[in-house]
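>
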Amino acid sequence: DQQVKQNSPSLSVQEGRISILNCDYTNSMFDYFLWYKKYPAEGPTFLISISSIKDKNEDGRFTVFLNKSAKHLSLHIVPSQPGDSAVYFCAASPDSNYQLIWGAGTKLIIKP
Amino acid sequence: GAGVSQSPRYKVAKRGQDVALRCDPISGHVSLFWYQQALGQGPEFLTYFQNEAQLDKSGLPSDRFFAERPEGSVSTLKIQRTQQEDSAVYLCASSLFGNSNQPQHFGDGTRLSIL
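Those protein sequence lines, which keep their order, are chains A and B. Numbering of the first sequence is given in this note's numbering, commencing with residue 32 and proceeding in unit increments. Numbering of the second sequence is given in this note's numbering, commencing with residue 1347 and proceeding in unit increments.
#1: According to DSSP, is residue 1431 of chain B helix, strand or coil?
#2: Have a look at the DSSP bridge pairing and note the partners of residue 125 of chain A.
#3: Between which two residues does the beta strand (DSSP E) carrying residue 1411 of chain B extend?
#4: Kindly list the residues whose CB is nearer than 6 Å to the CB of residue 1435 of chain B, restricted to its own chain and excluding five residues on each side of it in sequence; keep chain order.
#5: Once you ignore the five residues that flank residue 1549 of chain B on each side, which residues in its own chain have a CB closer than 8 Å to its CB?
#6: Is there a Cβ of chain A sitting closer than 8 Å to that of residue 1362 of chain B, yes or no?
#7: Measure the C-alpha to C-alpha separation of residue 1388 of chain B and residue 1409 of chain B and round it to an integer number of angstroms.
#8: Please return the same chain residues whose Cβ sits closer than 7 Å to the Cβ of residue 77 of chain A, not counting the five positions on each side in sequence.
#9: To the nearest angstrom, how far is the alpha carbon of residue 69 of chain A from that of residue 1427 of chain B?
#10: State yes or no: is the C-beta of residue 119 of chain A within less than 8 Å of the C-beta of residue 137 of chain A?
#11: Go to residue 1463 of chain B, then tell me how far its beta strand (DSSP E) extends in each direction, as first and last residue.
#12: For residue 1432 of chain B, is the classification buried or exposed, using 16 other Cβ atoms within 10 angstroms of its Cβ as the cut-off for buried?
#13: State buried or exposed for residue 1392 of chain B, treating a residue as buried only when at least 16 other CB atoms are found within 10 Å of its CB.
#14: First and last residue of the beta strand (DSSP E) that includes residue 38 of chain A?
#15: Going along the region 1386–1410 of chain B in order, which residues come within less than 8 Å of chain A, judged by CB to CB distance?
#16: At a CB-CB cut-off below 7 Å, which residues of chain B make contact with residue 66 of chain A?
#17: Mind the definition here: the region 99–107 of chain A touches the region 46–55 of chain A only if three or more C-beta pairs lie below 8 Å; say whether that holds.
#18: Residue 59 of chain A versus chain B: which residues are under 7 Å apart at the beta carbon?
#19: Once the 5 residues before and after residue 87 of chain A are set aside, which same chain residues still bring their CB inside 6 Å of it?
#20: List the residues of chain A that residue 1423 of chain B touches, going by C-beta distances under 8 Å, in chain order.
#21: Starting from the beta carbon of residue 1418 of chain B, find every residue of chain A whose beta carbon is closer than 8 Å, and list them in chain order.
#22: From this set, A/140, A/90, A/141 and A/122, which residue's C-alpha is nearest residue 150 of chain A's C-alpha?
#23: I need the DSSP call for residue 32 of chain A, collapsed to helix, strand or coil.
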């Protein structure tokens, strides 16, 4: 069973608009969440993270929101730029230890 | 370079052959991770090292998979008697320490194809 789910395999957004990527999880023991970005033929690159004691974390154009009661997090990118086109992975960690449980990824396409 | 380096980038082997995949982590990083990523999926944890100690190998799919990091730096993932289901991208990551709020830095992976 998938403990971390990204239900949208792909998302297409106009350049300059907001991109919203969603992630759901089932394990209430998860207390740390991360977003990674991946270009083709490259490894994932860390983007932003959030601890379960917060409900929002912002870094430049990237904001992650956490709704613990709904076991849902989202990544907002605004404004979206062509270089944001990539696959975005949501990952979660139980008890702040080293193990990361990953979603299947969402491919974001930014249209000019 | 300053990042995680993996070699080879691509490896093709016949079923039954042994393969060895290498990972050079970022200098000074204590923790090293191996992941397996199937097409269209997220990475799946294989094993974790803290320095030279393999603290967790719970994700290794079978006893054909073996990983080592003898001097606490370079690591090798070995797969014996390869099977077609071993075809995947193998990712290595390192972090300064092992807790999750230290982001893991990934190499570009080794794409393994078993014929």
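Beta carbons: idealized from backbone N, C-alpha and C, even for Gly. From a predicted model like this one, the values you see are computed outputs, not experimental measurements.
So, from the listed chains and residues:
#1: On the second sequence, position 85 is the one that residue 1431 of chain B refers to. Per DSSP, reduced to three states, the secondary structure at residue 1431 of chain B is helical.
#2: The count along the first sequence starts at 1 and reaches residue 125 of chain A at position 94. Beta-bridge annotation (DSSP): residue 125 of chain A is paired with A/61.
#3: If you number the second sequence from 1, residue 1411 of chain B lands on position 65. 1411–1414 is the extent of the beta strand (DSSP E) around residue 1411 of chain B.
#4: On the second sequence, residue 1435 of chain B is found 89 positions in, with the first residue counted as 1. The answer, listed in chain order, is 1383, 1455 and 1457.
#5: Because chain B is modelled from 1347 through 1461, residue 1549 of chain B falls outside the range shown and cannot be assessed.
#6: Within the second sequence, the letter at position 16 stands for residue 1362 of chain B. The beta carbon of residue 1362 of chain B sits no closer than 8 Å to any beta carbon of chain A.
#7: Stepping through the second sequence from its first residue, residue 1388 of chain B is reached at position 42. Stepping through the second sequence from its first residue, residue 1409 of chain B is reached at position 63. Approximately 23 Å, taken between the alpha carbons.
#8: To locate residue 77 of chain A, count along the first sequence from 1; it is residue 46. For residue 77 of chain A, where only same-chain residues beyond five positions count, the Cβ hits under 7 Å are 65 and 67.
#9: For the purposes of this step, residue 69 of chain A is taken as residue 38 along the first sequence, with counting starting at 1. For the purposes of this step, residue 1427 of chain B is taken as residue 81 along the second sequence, with counting starting at 1. Taking C-alpha positions only, residue 69 of chain A is separated from residue 1427 of chain B by approximately 31 Å.
#10: Numbered from its first residue, the first sequence carries residue 119 of chain A at position 88. Numbered from its first residue, the first sequence carries residue 137 of chain A at position 106. Yes, they are a contact pair.
#11: Lying before the first or after the last residue shown, residue 1463 of chain B is absent from chain B, which here runs from 1347 to 1461.
#12: Taking the first residue of the second sequence as 1, we reach residue 1432 of chain B at position 86. The residue in question, residue 1432 of chain B, is buried, as its Cβ has 16 or more Cβ neighbours within 10 Å.
#13: Stepping through the second sequence from its first residue, residue 1392 of chain B is reached at position 46. With 16 or more Cβ atoms within 10 Å of its Cβ, residue 1392 of chain B is classed as buried.
#14: Taking the first sequence and counting its residues from 1, the one referred to as residue 38 of chain A is at position 7. For residue 38 of chain A, there is no enclosing beta strand (DSSP E), as DSSP marks it with neither H nor E.
#15: 1386, 1387, 1388, 1389, 1390, 1391, 1394 and 1402
#16: Numbered from 1 along the first sequence, position 35 holds the residue referred to as residue 66 of chain A. Chain B residues near residue 66 of chain A: none, gap ~10 Å exceeds 7 Å.
#17: yes
#18: Position 28 of the first sequence, counted from the first residue, corresponds to residue 59 of chain A. Per Cβ cutoff of 7 Å: no residues; residue 59 of chain A is ~16 Å from chain B at best.
#19: As a working note, residue 87 of chain A is residue 56 in the first sequence. Closer than 6 Å at Cβ, skipping near neighbours: 96.
#20: For the purposes of this step, residue 1423 of chain B is taken as the residue at position 77 of the second sequence. The premise fails here: residue 1423 of chain B is roughly 15 Å from chain A at the closest Cβ pair, so nothing lies under 8 Å.
#21: To locate residue 1418 of chain B, count along the second sequence from 1; it is residue 72. What residue 1418 of chain B touches in chain A: nothing, since even the nearest Cβ is about 16 Å away.
#22: The question about residue 150 of chain A has no answer, for chain A in this structure spans 32 to 143.
#23: Position 1 of the first sequence, counted from the start, is the residue given in the question as residue 32 of chain A. Coil at residue 32 of chain A, not helix or strand.
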